[in-house]
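Yeah, the sequence shown ends on 613 if you go by numbering that gives the first Met the number 0, and it's all consecutive.
Before any comments, here is the structure.
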Amino acid sequence: MQLEENRVSGAARHQRYLPIAEHGLIGDLHTVALVGTDGTIDWYCCPRFDAPSVFAALLDAEHGGLFRISPDSVGWSSKQLYLPDTTILITRFLTPDGVGEVQDFMPPPRTGATTHRHRLIRRVLAVRGRMHFVVDVAPRFDYARARHEVTLTPHGALFRSPQLELGLSTSCPLQVLDGGDVRARLELGAGEAATFVLDRVEDGEAPVPCSDVEIAAAFDATVAFWRGWVRRSRYGGRWREMVHRSALTLKLLTYAPTGAIVAAPTTSLPEELGGARNWDYRYTWMRDAAFSLYALLRLGFTEEAGAFMSWLQERVRHGVGRESGPLQIMYGIDGREDLPEAELPHLEGYRGSRPVRIGNGAATQLQLDVYGELMDSLYLCNKQGLPVYQDGWAEVTRTIEWLIEHWDQPDEGIWETRGGRRNYTHSRLMCWVAVERAIRIALQRGLPFDILRWMTVRDRIYRQITVRGWHPDRQAFVQHYGSDVLDASLLLMPLVKFIAPTDPRWISTLDAITAELVSDSLVYRYHADASPDGLTGQEATFSMCSFWWVEALTRAGRLDQAQLALEKMLTYANHVGLYSEEIGPTGEQLGNFPQAFTHLALISAAYNLDHALG
0 MQLEENRVSG AARHQRYLPI AEHGLIGDLH TVALVGTDGT IDWYCCPRFD
50 APSVFAALLD AEHGGLFRIS PDSVGWSSKQ LYLPDTTILI TRFLTPDGVG
100 EVQDFMPPPR TGATTHRHRL IRRVLAVRGR MHFVVDVAPR FDYARARHEV
150 TLTPHGALFR SPQLELGLST SCPLQVLDGG DVRARLELGA GEAATFVLDR
200 VEDGEAPVPC SDVEIAAAFD ATVAFWRGWV RRSRYGGRWR EMVHRSALTL
250 KLLTYAPTGA IVAAPTTSLP EELGGARNWD YRYTWMRDAA FSLYALLRLG
300 FTEEAGAFMS WLQERVRHGV GRESGPLQIM YGIDGREDLP EAELPHLEGY
350 RGSRPVRIGN GAATQLQLDV YGELMDSLYL CNKQGLPVYQ DGWAEVTRTI
400 EWLIEHWDQP DEGIWETRGG RRNYTHSRLM CWVAVERAIR IALQRGLPFD
450 ILRWMTVRDR IYRQITVRGW HPDRQAFVQH YGSDVLDASL LLMPLVKFIA
500 PTDPRWISTL DAITAELVSD SLVYRYHADA SPDGLTGQEA TFSMCSFWWV
550 EALTRAGRLD QAQLALEKML TYANHVGLYS EEIGPTGEQL GNFPQAFTHL
600 ALISAAYNLD HALG
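Laid out in structure tokens, this is it:
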């Protein structure tokens, strides 16, 4: 009987949560909001990506807080789309009484503006028939830890918490509910509209009325901003729509004041439902840098690449005396290094997937591959006319000299496992990249460096990988020295030009990965049962690795196989072209959403395959 009750309660819990993929994304280059296909904003942090949440029903349907606009009727369905070439999200409702829609957007900051209110604009329209809507605004400040007060004003409502005040502007009558929430009910005929604007206010400042003219102007300016931005893309090949949607998503995940790109705008969305592999991704990983810059430069977005490069170069100037050397593996979007990990036990987690975490304890891990990603980034920028300056080269030299002394040691590796350090082949590969790219930059620019010392170490790393990273019986490069385990991170070997993409050793490695780690077009990082990672739960497939596989196939000349794999991967995108971190056993999206690295890998795979197809 108890077992049956648990099943029922579990099913009821699941019904309170939309699937992760049933969301679109809006943002203002400081923060974002997730908007569900049911018209609910269930994740929103203000005033920036890594700030405490205001709405977090995605992590606790009952206590997390939400901003919902939905038909006040039964028997309705919904559809969601982006206004083409923008990040303006439209949720359409089909009801027995008619058709309505909600237009959601956040105007980006105006050029030269000294303040930014982070306006979240929700415009409700009746398209056909007569529509009845209910609007609920239920903020839960500071991850639902802080109480708030609500006050009705002549033009809306004011929500006050100790750390943050938000104003809700609307011409619709509001009703205060228990717990400090507000509700509105509205009836709209065809062609009629109502608007709700939520923005940050200071010191009890009352919400100001928003005229239809003002809202229309903000809408038009937002359309012009995004269409003007994506128009700068040089990409006109196959899969243009998906490539540009990925580029728009990367721009949404960019923190404008510093140019940093967050790995994902969410925390603790589970890699396995009910499991504990729940992490905070609202930070910037060094290893995303090379892929970010590669994607941005390929598409022609040199301004964004330059801003991110400036952010990266500032990171090289910090961290003296740390065990991991001059670099951490991740930083806050403002460059801060201290990212303490904590759990929020009062939140039940997405569909009961505890724990909910904020901060990330992996920030202090030793992951030597980040030095390769940094130097590959510098090399790409230098190649594209964004040079390393004299002071920057002095910092690079110091970093390479540290790596030369420390590359030959175990580390935690690219996947941030918590099962102890190992001699990961991928980490050695990226150490080779770091030294090799530094040598290239120095030779191209005539910059000073210890040529004999650097080349000797580069060649030593190369030989070690080809001997200790190669398993003669398996005829494949393996995850770490002394093992026979395969790892999808090795798909990067030809991409970083360590080995020719048609080298017999690489072809046999690619065949082994395809046979053991690929399920149709979906790729596992590794098999945790063969290589314990110190974490409980099961591995799903990583979409980023699937796109790496597509690119490896492309470079190996297997174009038919690569094209089919890419087309299949595109079917796993959600309804508006977004990807989370992983794909589960039944095709569902899992993990933090949307994930920048996946969209970066999509751009690279599509670009290179399109070029190869001619």
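Note that beta-carbon positions come from the ideal geometry of N, C-alpha and C, so glycine has one too.
Is it true that the CB of T266 sits closer than 8 Å to the CB of R244?
Along the sequence shown, one-based indexing puts residue 244 at 245. Along the sequence shown, one-based indexing puts residue 266 at 267. Not closer than 8 Å, so no.
State yes or no: is the beta carbon of L28 nearer than 8 Å to at least one beta carbon in chain C?
Going by chain labels, chain C is absent from the structure shown, which holds only one protein chain.
Whether L338 touches V355 by CB criterion (8 Å):
Taking the first residue of the sequence shown as 1, we reach residue 338 at position 339. Taking the first residue of the sequence shown as 1, we reach residue 355 at position 356. Going by C-beta atoms, L338 is not nearer than 8 Å to V355.
List in chain order: all unbroken beta strand (DSSP E) runs of 3+ residues lying wholly within the stretch 63-144.
65-70, 76-81, 88-94, 97-104 and 119-137
Leaving out the 5 sequence neighbours to the left and right, which residues in its chain are closer than 8 Å to L402 when beta-carbon positions are compared?
Within the sequence shown, numbered from 1, the residue matching residue 402 stands at position 403. Correct list, in chain order: G324, L367, Y370, C430, A433 and V434.
Only counting the same chain, and skipping five residues up and downstream in sequence, which positions put a Cβ closer than 6 Å to that of H526?
Start at 1 with the first residue of the sequence shown, and residue 526 comes out as number 527. Contacts found: none.
What residue range is occupied by the uninterrupted alpha helix (DSSP H) comprising T465?
On the sequence shown, position 466 is the one that residue 465 refers to. Here the alpha helix (DSSP H) through T465 covers I450 to R467.
Roughly how many angstroms separate the alpha carbons of A288 and V98, rounded to a whole number?
In the sequence shown, the residue the question calls residue 288 occupies position 289. In the sequence shown, the residue the question calls residue 98 occupies position 99. Each residue's alpha carbon lies about 44 Å from the other.
Within its chain, find whatever has a CB closer than 6 Å to the CB of T39; leave out the 5 residues flanking it on each side and keep chain order.
Locating residue 39 in the sequence shown gives position 40, where the first residue counts as 1. Same-chain partners within the cutoff: L65 and R67.
Three-state secondary structure (DSSP) at W228?
Within the sequence shown, the letter at position 229 stands for residue 228. Correct three-state label for W228: helix.
Count the C-beta pairs between the stretch 92-107 and the stretch 581-591 that are closer than 8 Å, then say yes if the count reaches three, no if not.
no
In three-state DSSP terms, what is F546?
What you label residue 546 is simply residue 547 of the sequence shown in a count that begins at 1. Helix, per DSSP.
Answer yes or no: do L187 and A125 have a C-beta to C-beta separation smaller than 8 Å?
Here residue 187 refers to the residue found at position 188 of the sequence shown. Here residue 125 refers to the residue found at position 126 of the sequence shown. Their beta carbons are under 8 Å apart, which means L187 touches A125 by this criterion.
DSSP state of L2, grouped into three classes?
Numbered from 1 along the sequence shown, position 3 holds the residue referred to as residue 2. Since pLDDT at L2 reaches only 34, below the 50 mark, its modelled position is unreliable, and no value is offered.
N- and C-terminal bounds of the alpha helix (DSSP H) containing T396:
Working through the sequence shown from its first residue, we reach residue 396 at position 397. From DSSP, the alpha helix (DSSP H) with T396 extends over Q389 to H405.
Classification of Y330 by the beta-carbon crowding that lies within 10 angstroms, buried from 16 upward:
Position 331 of the sequence shown, counted from the start, is the residue given in the question as residue 330. Y330 should be labelled buried.
What is the C-beta distance between L446 and I438, in whole angstroms, given that I count them as a contact (C-beta under 8 Å)?
Translated into positions along the sequence shown, residue 446 becomes position 447. Translated into positions along the sequence shown, residue 438 becomes position 439. About 10 Å separates the two Cβ atoms, so there is no contact after all.
Complete runs of the alpha helix (DSSP H) confined to the stretch 525-609 [at least 4 residues]
542-554 and 558-569
With the cut-off set at 8 Å, would you say F541 and A487 are in Cβ contact?
Taking the sequence shown and counting its residues from 1, one reaches residue 541 at position 542. Taking the sequence shown and counting its residues from 1, one reaches residue 487 at position 488. Yes.
Ends of the beta strand (DSSP E) at C44?
Counted from its first residue, the sequence shown places residue 44 at position 45. It spans T39 to C44 - the beta strand (DSSP E) in which C44 sits, taken as one unbroken run.
Given that a residue counts as buried once 16 or more other Cβ atoms are within 10 Å of its Cβ, and exposed if not, what is L24?
Here the question's residue 24 lines up with position 25 in the sequence shown. Looking at its Cβ environment, which holds 16 or more other Cβ atoms inside 10 Å, L24 is buried.
Confirm, please, whether the CB-CB distance from S291 to I328 is below 8 Å.
Position 329 of the sequence shown holds residue 328. Position 292 of the sequence shown holds residue 291. Their beta carbons are not under 8 Å apart, which means I328 does not touch S291 by this criterion.
So F132 and H147 are in contact, right, with Cβ under 8 Å, and what is the actual spacing, rounded?
Locating residue 132 in the sequence shown gives position 133, counting from the first residue. Locating residue 147 in the sequence shown gives position 148, counting from the first residue. Their Cβ separation, rounded to whole angstroms, is 24 Å, which puts F132 and H147 out of contact at 8 Å.
Quick check on this structure: which residue in T30, F92, R184 and T86 has the alpha carbon closest to the alpha carbon of H117?
Counted from its first residue, the sequence shown places residue 117 at position 118. Of the candidates T30, F92, R184 and T86, the one whose C-alpha sits nearest the C-alpha of H117 is T30.
When you compare the CB positions of P615 and Y142, do they come within less than 8 Å of one another, or not?
Only positions 0 to 613 of the chain appear in the structure, and residue 615 is not among them; the question remains open.
R230 versus L247, K382 and A220, residue with shortest Cα-Cα distance:
By 1-based counting over the sequence shown, the position of residue 230 is 231. Nearest C-alpha to R230: L247.
Count the other CB atoms, across all protein chains shown, that sit within 10 Å of the CB of Y388; report buried if there are 16 or more and exposed otherwise.
Start at 1 with the first residue of the sequence shown, and residue 388 comes out as number 389. Exposed is the call here.
So, using beta-carbon positions, are A572 and V549 closer together than 8 Å?
Walking along the sequence shown from the start, residue 572 turns up at place 573. Walking along the sequence shown from the start, residue 549 turns up at place 550. The answer is no: Cβ separation not under 8 Å.
May I ask you to report which of helix, strand or coil DSSP gives S52?
As a first step, residue 52 must be located in the sequence shown, where it is residue number 53. Note: S52 maps to strand in three-state DSSP.
Less than 8 Å between the C-beta atoms of V477 and L490, yes or no?
Stepping through the sequence shown from its first residue, residue 477 is reached at position 478. Stepping through the sequence shown from its first residue, residue 490 is reached at position 491. Result no, Cβ atoms of V477 and L490 do not sit closer than 8 Å.
Of all the beta strand (DSSP E) runs that stay within the bounds of the stretch 288-365, which reach a length of 3 or more residues?
none
Span of the beta strand (DSSP E), counted from its first residue to its last, around G615
Outside the modelled stretch of the chain, which goes from 0 to 613, sits residue 615, for which no answer is possible.
Every unbroken beta strand (DSSP E) within the stretch 160-235, with a cutoff of 3 residues, ordered by chain:
164-168, 174-176, 180-188 and 192-199
Given that a residue counts as buried once 16 or more other Cβ atoms are within 10 Å of its Cβ, and exposed if not, what is P153?
The residue you call residue 153 lines up with position 154 of the sequence shown. Exposed: under 16 other Cβ atoms inside 10 Å.
Could you spell out where the beta strand (DSSP E) holding A32 opens and where it closes?
Taking the sequence shown and counting its residues from 1, the one referred to as residue 32 is at position 33. V31 to G35 is the extent of the beta strand (DSSP E) around A32.
Closest to V123 by C-alpha separation, out of G351, D71 and E164, would be which residue?
Translated into the one-based positions of the sequence shown, residue 123 becomes position 124. Nearest option by C-alpha distance: D71.
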